[in-house]
Amino acid sequence: MYKEGKSIFIIMIITLLSRSLGFIRQIILAYIHGTTGFTDAYLMSTMIPVVIFSSIGIALKIVFIPLYTSISKKSEEKGMKFTNNIINSVFLITIIMTLNGLIFTEKIVNIFAKGFNEEILKLTIEFTRILFPGVIIIGINFILMGFLNANKNFSIPTFVKIPNNIIIIISLFFSIYDFKILIYGSLLGSFIQMVILLYFSYKKGYRYKFVLNFKDEIMHKMIYLVTPVFIGTSVNQLNVIIDRSLASSLTRGSISALNFAEKLNSFVFAVFAASLITVIYPKLSEVSLKENEKEFKECIINSINILFILLIPITIGAMVLSMPIVKFLFQRGEFDISSTVMTSEALFYYSIGIVGFGLRNFLSKVFYSLKDTKTPLINGVLTVFINVGLNFLLIKSMAHKGLALATSLSTIVGVLLLSLSLKRKVGSLNEKKIFKKFFMVILASIPMGVFIMYVNNIFIIDGFNLILTIFLGAFIYLVTIIIMGFKEINILFSFAKRYIKNKSL
172 MYKEGKSIFI IMIITLLSRS LGFIRQIILA YIHGTTGFTD AYLMSTMIPV
222 VIFSSIGIAL KIVFIPLYTS ISKKSEEKGM KFTNNIINSV FLITIIMTLN
272 GLIFTEKIVN IFAKGFNEEI LKLTIEFTRI LFPGVIIIGI NFILMGFLNA
322 NKNFSIPTFV KIPNNIIIII SLFFSIYDFK ILIYGSLLGS FIQMVILLYF
372 SYKKGYRYKF VLNFKDEIMH KMIYLVTPVF IGTSVNQLNV IIDRSLASSL
422 TRGSISALNF AEKLNSFVFA VFAASLITVI YPKLSEVSLK ENEKEFKECI
472 INSINILFIL LIPITIGAMV LSMPIVKFLF QRGEFDISST VMTSEALFYY
522 SIGIVGFGLR NFLSKVFYSL KDTKTPLING VLTVFINVGL NFLLIKSMAH
572 KGLALATSLS TIVGVLLLSL SLKRKVGSLN EKKIFKKFFM VILASIPMGV
622 FIMYVNNIFI IDGFNLILTI FLGAFIYLVT IIIMGFKEIN ILFSFAKRYI
672 KNKSL
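For the sequence shown, the working numbering begins at 172 and goes up steadily by one.
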């Protein structure tokens, strides 16, 4: 477990740096362009190509890892042939998708942004047309990330977001002269990611060869497994589309407010939850091949408990400090007090689902490691129906806040249903012990929550005071869980201590 723990710790550090740059990017975007129509057009145009292909890309990466692991254990040559066949197939498919996207850009944008006025709609169409070729790059990047993860390189797929963010940040400053510079910068960032991934894939033994065989038996197996995952991830993206589409009919800036709040949420997920899941997923795939039920269940339980310990206090902190956090990070330039209020409201309601987002992603990976891609699909479809129903129920009375709350509540329901499905598939995971840990973590978070709530009500939290409040709150929580004897914290301390010791040698 030490190797996995060390990888998790490294990825958390890299992700923290990468996401911090991502936040700086969002702060600069908010400062220069605020929650204006230009920002809405940019955010919508960057979302459309990603939504259209990222579902396929994520599905390919998820299915690629266990299949490649299984094949390469028997024959490295067959593993390489399989990889090249997938890359060439993806390249061909994404070219076709790009051509169709360029031809039907106007119709596609109208589906996504039906509430935009004529001026903003025209800008969105123009920006989307420029970004569509990026679909080809995104497709290749996903496979290369899967190849590196399967070969136990977790840091580079996380690191590549850093140069991407730097390029976009530079583009943002020049976008004051021409907004299209930002669009081209986004495209360049993806290309640089691909170059870096290719370089490190070659260092891990990857060698390109033209292989294109749609009749290959393993390819058929991958298509069979990918289809439910693709539909499932598309369903998740559908939630985003529905939310943004409904938000486009609300007050101007609603899309931007939801975006900035969601970015804060995804920062937490990426640093704490995704770092763990990225490393554990190949491990789960490996253990499932050995058919070691005890080790497999132990891995699941430990991961769930660590997610509780990491995400529950963050949920409480984000809800209590939503206003000062948004004010500190974004309120400057064109991002005024009304933008802060809208974004902090969205952040508050998104934060309710932080634990749910982490658990749902992890439990889906557990099913994928067992080569069960249908259960997460069914769960995803049910979650979307619940989300849509809640959207229409809450949007009239709560506007953009209702969309954020609907997302959180539907995710929590989805997690409960997915947990029941997992129990039916693998048997008991000692649910009583897991629930006990859940409530113990909530109990451990209360002193921290009371402290930050008191500080937030009594003092004006801004700048340094906010950082100090978060630091002291985290310290109180850490002391509490140590006193309560959480064994998981000893594991995390051990990972960190060994990593620092190795670095100093």
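Here a beta-carbon is modelled for each residue, glycine too, at the ideal position from N, C-alpha and C.
Listed in chain order, the non-local C-beta contacts of K498 below 6 Å within the same chain comprise T511, local neighbours out to five positions each way being set aside. The continuous alpha helix (DSSP H) containing P334 extends over residues 332-345. By the Cβ test, the region 404-415 is in contact with the region 538-553, since at least three Cβ pairs between them sit closer than 8 Å. In this structure, the beta-carbon distance from F501 to A212 does not fall below 9 Å. A Cβ-Cβ contact shorter than 9 Å links I557 with L580. Residue environment: G620 is assigned as buried (16 or more neighbouring CB atoms within 10 Å of its CB, all protein chains considered). Within the region 529-614, the complete alpha helix (DSSP H) segments at least 4 residues long are 545-569, 571-597, listed from N- to C-terminus. In this structure T544 is buried. Its beta-carbon is surrounded by 16 or more other beta-carbon atoms within 10 angstroms. Per DSSP, the continuous alpha helix (DSSP H) segment holding R415 begins and ends at 388-418.
Looking at the backbone, the Cα of L421 and that of V280 are separated by about 18 Å. CA-to-CA, the gap between T651 and K608 works out to about 14 Å.
Annotated as distal: I477 and V537, with beta-carbon spacing of 9 Å or more.
Cβ contact annotation for V331 (same chain, cutoff 7 Å, sequence separation greater than five): Q364, I367, L368, in chain order.
The distance from the Cβ of T449 to that of F325 is about 6 Å, consistent with a contact at the 8 Å cut-off. Between the C-alpha atoms of H391 and A517 there is a straight-line separation of about 43 Å.
Per DSSP, reduced to three states, the secondary structure at M655 is coil, with no helix or strand assignment. Here the region 565-584 makes contact with the region 518-529; the two share three or more CB pairs at distances below 8 Å.
Per the C-alpha coordinates, the member of I266, V234, F381 positioned closest to N320 is V234.
When DSSP states are grouped into helix, strand and coil, E505 belongs to the coil group.
The C-beta of G644 has 16 or more other C-beta atoms within 10 Å across all chains shown, which makes the residue buried.
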